[in-house]
Structures are given as structure tokens and as C-alpha cells.
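**Student:** Mind the numbering: the sequence shown is residues 17 to 332 in my numbering, read in order.
Let me begin by handing over the structure; questions about it come next.
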Amino acid sequence: MTKEIFDYEIDENMDLFALIKTADVRIAKNGSKFISFIFCDRSGEIMAKFWDASDEDIENFQEGRVVHITGKRENYQNNPQIKIFNLHLPHDGEPNDPLDFVPKAPEDTSSMEKDFNAFFLEIKNPTWSKIVHYLVKKYHDRFFTFPAAKKNHHAFAGGLAYHTLSILRLAKAVTEEYDFVDRSLLYAGAMLHDLGKVIELSGPIATRYTLEGNLVGHIVLIDEQIVEACQKLGIDQQSQDVILLRHMILAHHGLMEYGSPVQPHLMEAEILHHLDDLDASIQMMKGALDHTEKGEFSERIFGLDGRNFYKPENQD
């Protein structure tokens, strides 16, 4: 069986095909160009630098292309990377389909759809139910194939739906413990909170931010979609139900410095913010610890204040 990125040990020579997830052209101190890569396959992603890159190299080795790599697995400042020996595009008959190298959600689409349908039925408020059904149906294919982020949490195909479903499962546990929480509002907010990422991001292969993503952002984008859905469905945009649902979305990052136009002022909005943060944090830690040896510390995680995490020796 062909080895994948994280099948290789530190200081082991590597010979494999991978997808170029990002390829940033930069200038070295000596004035020469180099390419800062992130390569990925279904085992994960890893950084590398390609020094003294020619114009032809820059043209050939672009985001979204499969490449053959020979090199050595190393650690640099406690982060895994590849020291590249040679890089070339696939020859005839060699692997070249980017979809074969995209990490995927741990649950398949049909299984996730089945669970989503059960949660849909739990949204008893007719206004919220209509809006959620309309928007999820409108963006169905993107919702179940897009990642939830370019790099940090759930940055894999199907990650957006998987992240949303994880929050819904957490929300169910919360509402079972605290029966005074409005389950319909919490579920509706959870369903839509990140749906704007289907507009903010370009897709699962070589994910990048779109123009709307860079200039507007997913929170405002989905808020606009809620307003448009109300227009299509004949729902009064000024009704309390609509305003409550919009607040759930607009407040889910918790703080204005984190991108929310307003802080949570509903119990359900505060809960959604914490569940979103919890699920994202767990996924970031899991991603790092999956590639960490027992008794060692993980790489530093940018999204968690640059902290690294210890993997106990007796951990399964």
C-alpha cells in the first residue's frame, strides 16, 4: 500500500504523491524566489519550502494540483515539514485526481443527512423551520462537501456539515440537561451559524477565500441570506422570530474583535457561541494530537494561542 504523509517517521526519506493545498511565492533574503507549500493527503497536511523556484516552477506547482514529492520528513520549531529533494507533476498513468488526496469527514454524507433530518423535525417554530429548510436546501451540495475552514478546524471535505452536526449533538445534550433552553432556537441557530461559508470559501480543493469571503465574511453573508429567504417565503423581516434567529448568527463568534457585529444577548446565542468554540477547539487539538507520539507534545496550534498539547503515554 502506498504510504501517505503521516505514515513517514521523522528523518525518514519520503516518496509519495500529494495535493498542493497552498502555494505562496515569497522572496528569500538573498533575493531569490521560493514557494511556501502546504501539501495534503487523506492523512493530513504538512508544510514545505521549495527554494530557488524558477518561473516555470511557479507556473507548474500551483494550488489544486497533484505532485510527486521526494524528500525527508523533518520537524522545524516543533512543526512537521518536508525537506524537498525533488518535485514534479504526475506523468501519464500516475495519480493526478485532486479528490483522491482531499481529507474527508469521518462520516459519510448519507449518514449525516439522516441525522440532520431528525434535527430538522425538532425545530417546532414554523418561521425558523421554514427559513432553515429553505437555506439548507438551497446550498445542500456545497453544505455537505465544503470544509468549515481553510486551515484550522474541520478543514476537510464535508467538514462544514460535520462541524454543524457536532454542534447539534452537543446542543441536544445541553437542552436535555437544561430543559428551559429553547431547543428550536438553538437548533435553528446551529444549523445556519456557519452556512455562509459556502459563499465565503471556494470549495474543498485548494480552499481559498472568495472575494465576498474576504470583504464581507460568512457571518454577514448568511445574515443577508436569511433576509432574502424571508422575502422569498413571505415572512415578516421585522418579526421577533426573525430578529432572534438573526441575532443567533450575528453573535456566534462571541466578541466583536472576533468578527461578531454584536455580543450574545440571548441565552441560546451564548450557548451556541460556546458550543461552536468547544467543537472547533476539540477538532484542532485532535488534528494535532493525531500526529503526535505518546509522551510528546504536539505542534503549536495557532488557533489556540500558539499552545501545544501533551499526549500521555498511556493514552489509547
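Ideal Cβ positions, reconstructed from N, Cα and C, are used throughout, including at glycine.
Every value quoted in this text rests on a predicted model; they were computed, and no experiment measured them.
1. Where do the N-terminal and C-terminal ends of the beta strand (DSSP E) with Ala222 fall, by residue?
2. So, for Pro220: in the same chain, excluding its five sequence neighbours on each side, which residues have a beta-carbon less than 7 angstroms away from its beta-carbon?
3. Going by C-alpha to C-alpha distance, which of Val197, Thr86, Ile259 and Ile21 sits closest to Trp144?
4. Below 8 angstroms, how does it come out for the segment 123–141 and the segment 56–71: are there three or more Cβ pairs, yes or no?
5. Whole angstroms are fine: how far does the CA of Tyr155 sit from the CA of Asn230?
6. Measuring CB to CB, does Glu284 end up less than 7 angstroms from Tyr203?
7. What number of angstroms, rounded off, separates the C-alpha of Arg42 from the C-alpha of Glu75?
8. First and last residue of the alpha helix (DSSP H) that includes Asp247?
9. Less than 7 angstroms between the beta carbons of Lys213 and Leu176, yes or no?
10. Could you round the C-beta distance between Lys167 and Arg224 to whole angstroms and report it? I think they count as a contact, below 8 angstroms.
11. If you reduce the DSSP assignment to three classes, tell me which class His209 lands in.
12. Quick one: measure Cβ to Cβ for Ala222 and Glu79, integer angstroms, because I've assumed they're closer than 8 angstroms.
13. Taking the continuous beta strand (DSSP E) assigned at Leu186, which residues delimit it?
14. Just how far apart, CA to CA, sit Asn95 and Asn141?
15. Between the alpha carbons of Leu305 and Tyr326, how many angstroms are there, rounded?
16. Leaving aside the five residues before and after Ile238 along the sequence, list all residues of the same chain whose C-beta is less than 7 angstroms from its C-beta, in chain order.
17. Mind reading off the beta-carbon distance from Ala189 to Ala206? Whole number of angstroms is fine, and I expect it under 8 angstroms.
18. Am I right that Ile36 and Phe53 are in contact with their C-beta atoms under 8 angstroms? What's the rounded C-beta distance?
19. According to DSSP, is Asn324 helix, strand or coil?
20. Helix or strand or just coil, what does DSSP make of Glu61?
21. With Gly303 as the anchor, note down where its alpha helix (DSSP H) starts and where it stops.
**Tutor:** With the structure as the only source:
1. In the sequence shown, residue 222 corresponds to position 206, counting from 1. Taken as a continuous stretch (DSSP letters only), Ala222 belongs to no beta strand (DSSP E), as it is neither H nor E.
2. For this step, residue 220 is matched to residue 204 along the sequence shown. Cβ within range, chain order: Val118, Thr161, Phe162, Pro163 and Ala173.
3. Position 128 of the sequence shown, counted from the start, is the residue given in the question as residue 144. The shortest C-alpha separation from Trp144 is found at Ile259.
4. no
5. Indexing the sequence shown from 1 puts residue 230 at position 214. Indexing the sequence shown from 1 puts residue 155 at position 139. Roughly 20 angstroms separates the two Cα atoms.
6. One-based indexing of the sequence shown puts residue 284 at position 268. One-based indexing of the sequence shown puts residue 203 at position 187. Not in contact: Glu284 and Tyr203 (Cβ atoms no closer than 7 angstroms).
7. In the sequence shown, counting from the first residue as 1, residue 42 sits at position 26. In the sequence shown, counting from the first residue as 1, residue 75 sits at position 59. If you take the alpha carbons of Arg42 and Glu75, they lie about 14 angstroms apart.
8. Translated into the one-based positions of the sequence shown, residue 247 becomes position 231. Just to set this straight, residue 247 is Gln in the shown sequence, not Asp. Where Gln247 is concerned, the enclosing alpha helix (DSSP H) stretches over His234 to Leu249.
9. The residue given as residue 213 occupies position 197 in the sequence shown. The residue given as residue 176 occupies position 160 in the sequence shown. Yes, these two residues count as a Cβ contact at 7 angstroms.
10. Residue 167 sits at position 151 when you count from the first residue of the sequence shown. Residue 224 sits at position 208 when you count from the first residue of the sequence shown. Not quite, the Cβ-Cβ distance comes to about 11 angstroms (not below 8 angstroms), so this is no contact.
11. For the purposes of this step, residue 209 is taken as residue 193 along the sequence shown, with counting starting at 1. In the structure shown, His209 sits in coil (DSSP, three-state: anything other than H, G, I, E or B).
12. Locating residue 222 in the sequence shown gives position 206, where the first residue counts as 1. Locating residue 79 in the sequence shown gives position 63, where the first residue counts as 1. About 4 angstroms; that satisfies the 8 angstroms criterion.
13. Taking the sequence shown and counting its residues from 1, the one referred to as residue 186 is at position 170. Segment Gly175 to Glu193 is the alpha helix (DSSP H) holding Leu186; no beta strand (DSSP E) there.
14. Residue numbering aside, residue 95 sits at position 79 when the sequence shown is read from its first letter. Residue numbering aside, residue 141 sits at position 125 when the sequence shown is read from its first letter. Going by the C-alpha atoms only, they are around 48 angstroms apart.
15. Within the sequence shown, residue 305 is the residue found at index 289, counting from 1. Within the sequence shown, residue 326 is the residue found at index 310, counting from 1. One C-alpha to the other measures close to 8 angstroms.
16. Here residue 238 corresponds to residue number 222 of the sequence shown, with the count starting at 1. Result list for Ile238: Leu208, Leu211, Gly212 and Ile265, in chain order.
17. The residue labelled residue 189 in the question sits at position 173 within the sequence shown. The residue labelled residue 206 in the question sits at position 190 within the sequence shown. Actually they are not in contact, since the Cβ atoms of Ala189 and Ala206 sit about 12 angstroms apart, beyond 8 angstroms.
18. The residue you call residue 36 lines up with position 20 of the sequence shown. The residue you call residue 53 lines up with position 37 of the sequence shown. Correct: roughly 6 angstroms between the Cβ atoms.
19. The residue labelled residue 324 in the question sits at position 308 within the sequence shown. Of the three classes helix, strand and coil, the one that applies to Asn324 here is coil, per DSSP.
20. Against the sequence shown, residue 61 aligns to sequence position 45. It is a strand residue.
21. If you number the sequence shown from 1, residue 303 lands on position 287. Counting along the chain, the alpha helix (DSSP H) containing Gly303 begins and ends at Met283 to Leu305.
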